[in-house]
Structure formats: C-alpha cells, structure tokens
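Worksheet: the structure to be examined is printed underneath.
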Amino acid sequence: MHHLVPHILRSNDHGNGSSNRDHYENNKGRESQTQGQRGSGDGASGNQSRQESHEDMLAHEDEKRFITEWDEGDQMTPQQIAEDPEKKRVGASARFLRLDDFELVKTLGTGTFARVWLAKLAKPKNGDQEKVWALKILRKVDVIRLKQVEHVKNERNTLAAVAGHPFITTLVASFQDYDSLYMLLDYCPGGEVFSYLRRARRFNEATSQFYAAEIVLILEFLHEREGVAYRDLKPENILIDADGHLKLVDFGFAKKIDNRETYTLCGTPEYLAPEVIRNTGHGCAVDWWAFGILVYEFLVGQPPFWDQNPMKIYEQ
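When the letters of the sequence shown are read in order and numbered with the working numbering, they come out as residues 380 to 695.
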C-alpha cells in the first residue's frame, strides 16, 4: 500500500473549520465541514432555558421523530467500538454510549451547529489506549433552529447505508443525550485535501490521477449501488487517511434519488452544475460536473470558475 501522506500535512487539519468557501441551500449558508465539542451541547443555561429549548426542539412532529429515530438500531458498548469495525455493527446506534465514555483530546474542526473532536476512550482496556476517532457533536437546538434537520438525518442515514466502503468515512456509532447528537467517525490524520492542495499550490499529474481514480470509485459506488447523489464534492470534503488514501466526508447534502430528479439548490458555488443553478432539475450527473472542476483544481491550483461574488460565478 502506498504511503502518500506528505510531511507538510498536520493532523489538526481534519475537518473544515478553516475554509472560507461558502455553502448554499436555497440561497442560505450552511454548516461547513466540522467534527465535535463537549461544550457545543451546553448552550442553554438554567432549568428554564433547558426546558424552553427542549420544547422548541419538539415543536414539529418531523423534528420530534428525527430525534427519536437517532437511537434506533443495535446497541454497542465502549469496548465494542474499540474492536475491529469489520467484525462489529458499523454505523449502529449506540444507546450504551455516553459522552463521558470519551476523552476529548482536541478540536479538529468547527461549524455553525457542530464541532468535531479528536476523541479516545476515557477508560480504555489493554491495547485500546492508542485508538482514536473523530467525534462529531451537534447541538439539537441549533440543528433545528437553522433548519438542518434533513441534512443531519441524511448524513447519519447515508453513512450508515454505505458503511464499509474503503474511501468513505466510517460511521462507527451514533448516540445522543438531552442536548446533543453524536456521530463517532474514523479519524483521518492526513487532514483535508484542501489544506494539502493549498500548501502544494497544485498537484502533479500522478497525484491528480491517483486521487481522481479513488473519487471515481466513490461516485460510481454511490450512484450505481446506492442511488445517492453526493452534491457537495470539493477538496474540503475529502480527507486523507494514514495510508494516503482518500475518505469522503460530510454527507449532509447527499440524497437518495435513484433515477429521479431533484430541485434543491445546494452545494458550493464553484462546483455547482448548470442545471442546479438554473433549477431545471438535477440527478447524479451533477457529481460528475463537480468531479471535472475538482480535477482541474488539482492540476491548476484553483477552480476554473471563481469570484468573490457567487452570482458572478453563476454567470460564468
């Protein structure tokens, strides 16, 4: 297996707290790629505030069902998640897990309603001391207030459905408490392709071909086997694992559409396909448009269409 991670990559680049590129959904900003914090679930102060925020969360039936459904599925203990994920129920809900089961080492990334932490077991057994994960923590109140319920549901459910693909981040477990939702993901020490590309300025042809080939395998798997359009392909959403291979993350905009068309305006301006901008209906083909933009950026160092004003990008 090729060991491709260059020395310039730093582990604290995991996640997307540093990127300044905007996301859009129906012309609104959305969360940048993030991964979790203990404090992000502690926003309400006092019993009255906690009660009010909880009532707000359950104000709509869809949102109430979303919070309830998060815990459905198999149960896992802290010791089970430390075992070989190939032998366990990868992506299972973990009613036995609690935030106190983990030691939060450092922040990997932050976003509007989530924070991602490098986490390890608080009480590891022999041999488990060195195992670490990315723990994504999402505050329920913020998820609902910012109307991100469907995005969070999509991310959790899609990751559970595609668990086991070598180039897609693994959802090891999901669980919740009163204030927050948690997704325990595999940790990629190489950080974002975005950070690597900015330091290198551009990739040589061999590196571009290598990364492009792995992205093709990801998209073919999502489209042909799962009927899922990813809809937010960009360097910030691709991480590099310990062996130099890619891991696709952030499935908030992913949608199972099979052979149908959908009309939601979502994604990042530089990578949006014309049919998304024109709102004429789009399918999985939009990922291949973004793939072309991405490969161009690998080779040149910047996307072919760029401007400080997103509307100028659309006009191009």
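Glycine included, each C-beta is placed from N, C-alpha and C at the ideal position.
(request) Flag this pair as touching only if the segment 612 to 632 and the segment 541 to 557 have three or more C-beta atom pairs under 8 Å; answer yes or no. (result) Because the criterion of three Cβ pairs below 8 Å is met, the segment 612 to 632 and the segment 541 to 557 touch.
(message) So, with DSSP's three-state summary, where would you put Arg518?
(response) For the purposes of this step, residue 518 is taken as the residue at position 139 of the sequence shown. Note: Arg518 maps to strand in three-state DSSP.
(message) Taking the alpha-carbon of Arg535 as reference, which of Leu483, Leu560, Asp521, Phe492 has the nearest alpha-carbon?
(response) Reading the sequence shown from its first residue, position 156 is the one you call residue 535. It is Leu560 whose Cα lies nearest to the Cα of Arg535.
(request) Flag this pair as touching only if the segment 600 to 620 and the segment 497 to 511 have three or more C-beta atom pairs under 8 Å; answer yes or no. (result) The segment 600 to 620, when compared against the segment 497 to 511, does not touch it at the 8 Å Cβ threshold.
(message) For Leu678, which residues in the same chain have their Cβ closer than 8 Å to its Cβ, ignoring the five residues on either side in sequence?
(response) Position 299 of the sequence shown, counted from the first residue, corresponds to residue 678. Answer for Leu678: Arg581, Phe582, Glu584, Ser587, listed in chain order.
(request) Write down every uninterrupted run of the alpha helix (DSSP H) in the segment 490 to 565 whose length is 4 residues or greater and which is fully enclosed by it, in chain order. (result) Complete alpha helix (DSSP H) runs here, min 4: 519 to 524, 528 to 540.
(message) For Lys485, which residues in the same chain have their Cβ closer than 6 Å to its Cβ, ignoring the five residues on either side in sequence?
(response) In the sequence shown, residue 485 corresponds to position 106, counting from 1. Within the same chain, Lys485 has close Cβ partners Leu497.
(message) Whole angstroms are fine: how far does the CA of Leu612 sit from the CA of Leu601?
(response) For the purposes of this step, residue 601 is taken as residue 222 along the sequence shown, with counting starting at 1. For the purposes of this step, residue 612 is taken as residue 233 along the sequence shown, with counting starting at 1. Between Leu601 and Leu612, the C-alpha separation is close to 12 Å.
(message) I'd like to know if Ile617 contacts chain D, where contact means its C-beta is closer than 8 Å to some C-beta of that chain.
(response) The structure shown contains no chain D; it holds only a single protein chain.
(message) Quick check on the burial criterion: 16 or more other C-beta atoms within 10 angstroms. Buried or exposed for Pro682?
(response) Residue mapping note: residue 682 aligns to position 303 of the sequence shown, counting from 1. Buried, by the Cβ-count rule.
(message) Between the segment 551 to 567 and the segment 638 to 658, can you find at least three pairs of beta-carbon atoms closer than 8 Å?
(response) Verdict: no, contact absent.
(request) Return yes when the Cβ of Phe684 is within less than 8 Å of the Cβ of Ile594, no when it is not. (result) On the sequence shown, residue 594 is found 215 positions in, with the first residue counted as 1. On the sequence shown, residue 684 is found 305 positions in, with the first residue counted as 1. Annotated as distal: Ile594 and Phe684, with beta-carbon spacing of 8 Å or more.
(request) Could you say which of Tyr557, Thr491, Leu563 lies nearest to Lys483 if we only look at CA atoms? (result) What you label residue 483 is simply residue 104 of the sequence shown in a count that begins at 1. With the sequence shown as reference, residue 483 is identified as Leu, and Lys is not the correct amino acid for it. Ranking Tyr557, Thr491, Leu563 by Cα distance to Leu483 puts Leu563 first.
(request) Sort Glu640, Glu529, Arg610 by Cα distance to Ile672 and report the nearest one. (result) On the sequence shown, residue 672 is found 293 positions in, with the first residue counted as 1. That would be Arg610, whose Cα lies nearest to the Cα of Ile672.
(message) Within 10 Å of its beta-carbon, does Gln430 have 16 or more other beta-carbons around it, so buried, or fewer, so exposed?
(response) Mapped onto the sequence shown, residue 430 falls at position 51. The predicted model places Gln430 with a pLDDT of 46, which falls under 50 and marks its position as unreliable; any figure quoted below should be read in that light. Exposed, since its Cβ has fewer than 16 Cβ neighbours within 10 Å.
(message) Give me, in chain order, the residues of the same chain whose beta-carbon lies closer than 8 Å to that of Gly662; leave out the 5 immediate sequence neighbours on both sides.
(response) Counting from one through the sequence shown, the residue named residue 662 turns up at place 283. So the list reads Ala608, Ile636, Asn638, Arg639, Glu640, Thr641, once near-sequence residues are dropped.
(message) What does the alpha-carbon distance come out to for the pair Leu476 and Leu500?
(response) Residue mapping note: residue 476 aligns to position 97 of the sequence shown, counting from 1. Residue mapping note: residue 500 aligns to position 121 of the sequence shown, counting from 1. Cα to Cα, Leu476 sits roughly 11 Å from Leu500.
(request) For Val679, write down the residues that DSSP places opposite it in a beta bridge. (result) Here residue 679 refers to the residue found at position 300 when the sequence shown is read from its first residue. Partner(s): none; Val679 has no beta bridge.
(message) Between which residues of its own chain and Val572 is the CB-CB distance below 6 Å, once the five residues before and five after are set aside?
(response) What you label residue 572 is simply residue 193 of the sequence shown in a count that begins at 1. If we look at Val572 and ignore the five residues flanking it on each side, its Cβ neighbours are Pro614, Ile617.
(request) Please name the residue in Leu525, Gly488, Thr489, Lys519 whose C-alpha comes closest to that of Asp558. (result) Counting from 1 along the sequence shown, the entry for residue 558 is found at position 179. For the residues Leu525, Gly488, Thr489, Lys519, the minimum Cα distance to Asp558 belongs to Lys519.
(message) Just verifying my parser: in three-state terms, what is the DSSP assignment at Gln416?
(response) On the sequence shown, residue 416 is found 37 positions in, with the first residue counted as 1. Annotation note: pLDDT 30 at Gln416 (below 50); position unreliable, coordinate value reported separately. DSSP places Gln416 in coil when its eight states are reduced to three.
(request) Starting from the N-terminal side, write out each stretch of the beta strand (DSSP E) that is 3 residues or longer and does not extend beyond the segment 599 to 668. (result) Uninterrupted beta strand (DSSP E) stretches at least 3 residues long and entirely within the segment 599 to 668 occur at 617 to 619, 625 to 627, given in chain order.
(request) Return helix, strand or coil for Phe589, following the three-state DSSP convention. (result) Position 210 of the sequence shown, counting from 1, holds the residue named residue 589. Note: Phe589 maps to helix in three-state DSSP.
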